[in-house]
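Sequential numbering of the sequence shown, starting at 416, is according to this note's numbering. What follows is a short report on a single structure.
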Amino acid sequence: MSGVATGIRSRRDDREWSTGMCWLYCRMSEIPVLRLGPITAAGLETGMYGCEMCVAELEHMVKDAATGRDT
Ligand SMILES: [Zn+2]
């Protein structure tokens with residue numbers, strides 16, 4: 416077993432968490448991460464993952480952008 420994509424279900428919601436590296440702000444590894452979706456970079460597509468704390472920050476920014484607020 417490699418420890419990747421174990422498919423742990425969070426107690427908070429029904430999104431699928433696995434153990435791996437956070438691709439967002441903290442860059443920690445071997446932590447519970449959520450698959451955020453595919454990302455295309457350098458001509459390649461792969462899955463992108465973020466930890467609970469960074470996903471919360473990302474969601475905050477997305478909500479701000481979606482509602483058109485600057486701050
Ligand atoms: Zn993180």
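Virtual Cβ for every residue (Gly too), placed ideally from N, Cα, C.
Near ligand 1: residue i beta-carbon under 7 Å from a heavy atom
{"i": "residue 458", "result": "no"}
{"i": "residue 452", "result": "no"}
{"i": "residue 463", "result": "no"}
{"i": "residue 476", "result": "no"}
{"i": "residue 473", "result": "no"}
Buried versus exposed call for residue i [16 or more other C-beta atoms within 10 Å across all chains shown]
{"i": "residue 448", "result": "buried"}
{"i": "residue 484", "result": "exposed"}
{"i": "residue 452", "result": "exposed"}
{"i": "residue 458", "result": "exposed"}
{"i": "residue 416", "result": "Summary for residue 416: the model assigns pLDDT 46, below 50, so the residue's position carries little reliability; its value from the coordinates is reported in the next sentence. Counting Cβ neighbours within 10 Å, residue 416 comes out exposed, since fewer than 16 surround it."}
Supposed close pair residue i, residue j - CB separation, criterion 8 Å
{"i": "residue 488", "j": "residue 445", "result": "Nothing about residue 488 can be read from this structure; the chain reaches only from 416 to 486."}
{"i": "residue 432", "j": "residue 463", "result": "So it is not a contact: roughly 14 Å between Cβ atoms."}
3-residue-minimum beta strand (DSSP E) runs that sit fully inside the segment 427-451, ordered along the chain: 431-435
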